[in-house]
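Per the working numbering, residue 2 is the first one in the sequence shown, and the count goes up by one each step.
C-beta atoms are modelled at their ideal positions from N, C-alpha and C, and glycine is treated no differently.
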Amino acid sequence: MGGLLDSFRPDMRARGLKDIDVEALHKQGFCGLLLDLDNTLLPWKDPILPEESESWIESAKQLGMKLCIVSNTHYPNRLTKIAEHLGIDALARALKPRNYGFIKAAELIDCELARCVVVGDQLLTDIWGGNRAGAFTILVNPMHPREFIGTKVSRMIERLIFAALKEPSRV
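What follows is the structure, given as structure tokens:
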């Protein structure tokens, strides 16, 4: 069971985007950032991107990092507007944790998956999927407690996984 549990373990933990040193990731040879949308870049269903998310993304772009928002959303209009505003790629209906979305996103930004960093707030979609796809994974705390009902169910399972991993669910 240790092997299966390890597939849920993020490579790194951070409170939020602002706590991720994108320059250090770039120096380590990473060229792509595959970012979850809801509760990673902005609160769930919120149309307005927080300034800290915008400035973090801008600093990553200035370093030459390639970015793609990878989301399971079935409402691509909001995702597309946010991605266009940021000047980055986006992939809706990514089917996380399946490999498809991560592979497609890495192709969109022309960066091999082993040199991509997946950043997200959910263990069962972002981290498990990113690990299975061969990317470096960073788990962030959710930006806001308001979430989709399916995510609330996932959070209960996450708490069990964190207990088995002997790790706290938040940093």
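Query raised in the report: Residues bridged to Thr138 by DSSP?
Result: Paired residues: Val119.
**Report entry** C-alpha distance - Thr152 paired with Gln63, whole-angstrom precision
**Finding:** CA-CA distance, Thr152 to Gln63, rounds to 33 angstroms.
**Report entry** Rounded straight-line distance, which links the Cα of Leu68 to that of Cys32
**Finding:** Near 9 angstroms, if we compare the C-alpha coordinates of Leu68 and Cys32.
Query raised in the report: When you compare only the Cα positions, how much space is there between Leu92 and Arg10?
Result: Leu92 and Arg10: Cα-Cα distance of roughly 24 angstroms.
Query raised in the report: Per the contact definition of three or more C-beta pairs closer than 8 angstroms, is the stretch 20-32 in contact with the stretch 92-105?
Result: By the C-beta criterion, the stretch 92-105 is judged not to be in contact with the stretch 20-32, since fewer than 3 inter-stretch pairs fall below 8 angstroms.
Query raised in the report: Distance, Cα to Cα, Glu168 vs Leu5?
Result: Taking the straight line joining both Cα atoms gives about 16 angstroms.
Query raised in the report: If you count every other CB in all the chains shown that lies within 10 Å of the CB of Ala84, and 16 or more means buried, which is it?
Result: Burial call: buried.
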